[in-house]
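The opening position of the sequence shown corresponds to residue 987 in our numbering, with each subsequent residue numbered one higher. Quick reminder that beta carbons are idealized off the backbone N, C-alpha and C, glycines included. The structure presented is a predicted model; accordingly, all values stated were derived computationally and were not measured. Following: one structure in structure tokens, then a few remarks.
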Amino acid sequence: MDERQLQKHFLAEAEELIESLLADVERLGASGDVGRPSPALVNRIFRNVHSLKGLSGMANVPVVHRVSHALEDLLEEVRMGRTRVDAALVEALATTVDELPAFVRAAAGGAASDRDAERMVAHLQHIRGGAPAKPILDHELVAIDPALLATLTEYEEHRLHENVRDRRPVYELRVAFQLAAFDQGFRGLSEQLAAAGEIIGTLPGVASDDPMKIAFRILYASAAPAGEICQLLDVHGGELEQLSHYDRDVAAPGAESGAISTSIRVDMEVFDELSLMADSLSNQVAGLGAICASMARQLSLAPREIFELRQQRRAIERAFADLQERIVDARLVPLGPTLIRSRRLVEKLAAQLGRDVDFVAEGEDVRLDKTIVDRIAEPLAHLIGNALDHGLEPPAEREAAGKPARGTVRLSAESSGNRIALHISDDGRGVDVASVRRAAAALGLESATASRSDPLDLIFAAGVSTAPSVTDVSGRGVGLDAVAAVIGELGGEIRVVSETGRGTTFTIELPTTLVTLSAFLVEAAGWTYAVDVNQLVELGIVEDGAVDPNGPSVAWRDGALPFFTLSGLVRAAGDQGHPGNRIPCLIARSGNSRTAIAVDRFVGERDVIVKSLGRHAPALRGVSGAIDLEDSGVALLVDLSELIEEYRLISRPPA
């Protein structure tokens, strides 16, 4: 494995571990009884940190190894009961885990500094507490065989004390399995027991009545009724003895099940290849169907034979369509981890800016293509930063305006068909439209309102800002052009609605996946091109006389739109003619404005699988991929916004 492959493998493994850590630390902080966390939850966090430490060691990323080692030491103290889980410890864990994604990416690229690692390590070491005196087991409460007690590790003994302290019933279970199949039987029983309580320790040995059996003595704690535990043992011929002698057994929360994951990690490139293979085979089946139909006519097959042939073809086509759908579905991941990171960002910025904030997240189960989830992380962080820094007022200002001192930031996700919508809203001061107009006018953007349905859309123009000062966190308007650009590249759209004194809501609409999409096919200069229908507002026919060559612009409805030809944008050779001087036009979104783009002919809409351009992609600006046509040809999928931006850049006169 070369250096590049090793780095790729390290980042993929680390990302998976950190996603799990983010979710588990969030669960730890949300626990109603933080001081008594679930041992299964703490152990899972510990195991993932231990795996990250080992992974960074194998990949030779020493700064990550150092930080994960310090984090592992802290969690070992927690596991052994030497450091109490309180709000400060949860905050330290959350802060460190929240920094890990960016830190790991920087470290893998050699950009993470030792100073950052030392800062994180020092923070974790500061949280660690001293070791309390080792508790002594009260044998009047639990009568345990000293031989069994002597086999327990330090951690297992700690867990026994914790269960006794919680007055959870403690049992000794005795069960034996045939030597040839003991692993399967013991694993099945262990999973059932773990679902209802906690296995503290296990002592194996040879059964006294049958040398071909292996016997187990299991120290077990559970709040479940003893009868239910007996039923689990009866299946295996086991016995149960209760060791605890409390005056009153108090039910306590059982340990979480430690079920083994049935998932595996697959590189996204594999899904891309599978999608293309399924699409190619589907097209071949369609071609084969046409050949079969022709042969059926030539061979004069009976109607029944023709019917069966068609049925078989349709069954194969349905199977490939289902395969494509399942492959695309496998690319989708829930937005839950993204919302967890957003919550941590809100907490961090609120403390930094002195804001009192309630963060509301909705739609954790909404699923989106992994590629899109990764791309929208930075735009979401920017919008959340805007909401806290320049959207929400300080507590005193809110109270003076008759509003609650504590503001609200809401991030919600909802799906509809093959699209999702993300809403980022705050109940702050809102955006001053008059200030937006003045800022746009100062940049010479007054004419831009002609192609914008709402003057507030000018906030997405480069350089437009209504913030009285620039801060380290954000500036309302600064960078929103970059946010809109990323959303546009993903085939999405961003809108803003704001009311002075009441708040602002940004809505982002995105496709669920970039692999399959609805494309509209057109012809220009003798070539076929595909356009994502989500980039189109409508189709239209304009008269040749409506085009102003000095603009260039075209009269459309009650105004005028910037006018381009698709052949000019792609710089294709050939004349673009329009019979009868009637010009077919795509009315397309370009950022948050509208543009008319002339083509030779509308071909029609179809669902397509997008093929990557591989190493040629960087050289083809404005081209998102390629699609196979039914006649074995290929059409380029063009990004109209990027083509227009590139055309304007090239056509701009030198300064």
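In the structure shown, the three-state DSSP call for GLY1191 is strand.
Per DSSP, the unbroken beta strand (DSSP E) holding ASP1412 starts and ends at 1405-1412. Within a 10 Å sphere around the beta-carbon of THR1139 sit fewer than 16 other beta-carbons, which makes this residue exposed. DSSP places ASP1518 in the strand class (E or B) of the three-state scheme.
In the three-state reduction of the DSSP assignment, PRO1087 falls in the helix class, which pools H, G and I. Fewer than three pairs of CB atoms, one per stretch, sit closer than 8 Å, so the stretch 1176-1183 makes no contact with the stretch 1128-1137. The C-beta distance from ASP1413 to PHE1446 rounds to 22 Å, too long to meet the 8 Å contact threshold. The straight-line gap separating the alpha-carbon atoms of GLY1526 and ILE1569 is approximately 8 Å. Judged by DSSP secondary structure, ALA1167 falls outside any alpha helix (DSSP H); it is assigned neither H nor E.
In the pairwise beta carbon analysis, the stretch 1346-1353 is classified as touching the stretch 1309-1325: at least three pairs are separated by under 8 Å.
Within the model, the alpha-carbon separation for VAL1271 versus ARG1592 is close to 18 Å. Between the alpha carbons of VAL1071 and LEU997 lies a gap of roughly 30 Å. When the Cα atoms are used, SER1037 and ALA1516 turn out to be separated by approximately 45 Å. In terms of Cα proximity to LEU1378, the closest of LEU1354, ILE1362, LEU1339, SER1402 is LEU1339. For ILE1480, the enclosing beta strand (DSSP E) stretches over residues 1479-1485. Across the set VAL1011, ALA1098, GLU1063, TYR1633, the C-alpha of VAL1011 shows the shortest separation from the C-alpha of THR1082.
Annotated three-state conformation of VAL1472 is helix, per DSSP. Linking ASN1404 to ASP1355 through their CA atoms gives a straight-line distance of about 11 Å.
For LYS1597, the three-state secondary structure derived from DSSP is strand. The C-beta separation of VAL1528 from PHE1588 comes to about 13 Å, leaving the pair out of contact by the 8 Å criterion. If you draw a 10 Å sphere on the C-beta of PHE1293, you find fewer than 16 other C-beta atoms in it, and that means exposed. Counting C-beta pairs with one atom in each stretch, the stretch 1140-1155 and the stretch 1104-1113 have fewer than three that are closer than 8 Å, which means they do not touch. For PRO1323, the uninterrupted alpha helix (DSSP H) segment begins and ends at 1322-1339. Non-local C-beta neighbours of VAL1472 in its own chain, meaning closer than 8 Å and more than five positions away in sequence, comprise ARG1361, ILE1362, GLU1364, PRO1365, ordered along the chain. Per DSSP, the continuous beta strand (DSSP E) segment holding ALA1574 begins and ends at 1568-1576. ARG1033: not part of any beta strand (DSSP E); member of the alpha helix (DSSP H) spanning 1025-1044, first to last residue.
The C-beta distance from ALA1080 to ARG1330 rounds to 6 Å, short enough to meet the 8 Å contact threshold. In the three-state reduction of the DSSP assignment, ARG1300 falls in the helix class. Taken through DSSP and simplified to helix, strand or coil, ILE1527 comes out as strand. By the criterion of at least three beta-carbon pairs nearer than 8 Å, the stretch 1152-1165 is not in contact with the stretch 1087-1099.
Of all C-beta pairs linking the stretch 1620-1628 to the stretch 1573-1582, three or more are shorter than 8 Å, placing the two stretches in contact. Between ILE1583 and LEU1623, the CB-CB gap reaches or exceeds 8 Å. By the CB criterion at 8 Å, ARG1415 and GLY1512 fall outside the cutoff.
Residue burial is scored here from C-beta neighbours: ALA1016 has fewer than 16 other C-beta atoms within 10 angstroms and is therefore classed as exposed. Cβ contact annotation for LEU1547 (same chain, cutoff 8 Å, sequence separation greater than five): SER1437, SER1539, VAL1540, ILE1573, ARG1580, THR1581, ALA1582, in chain order.
Counting every other CB atom within 10 Å of its CB across the protein chains shown gives GLN1310 a total of 16 or more, marking it as buried.
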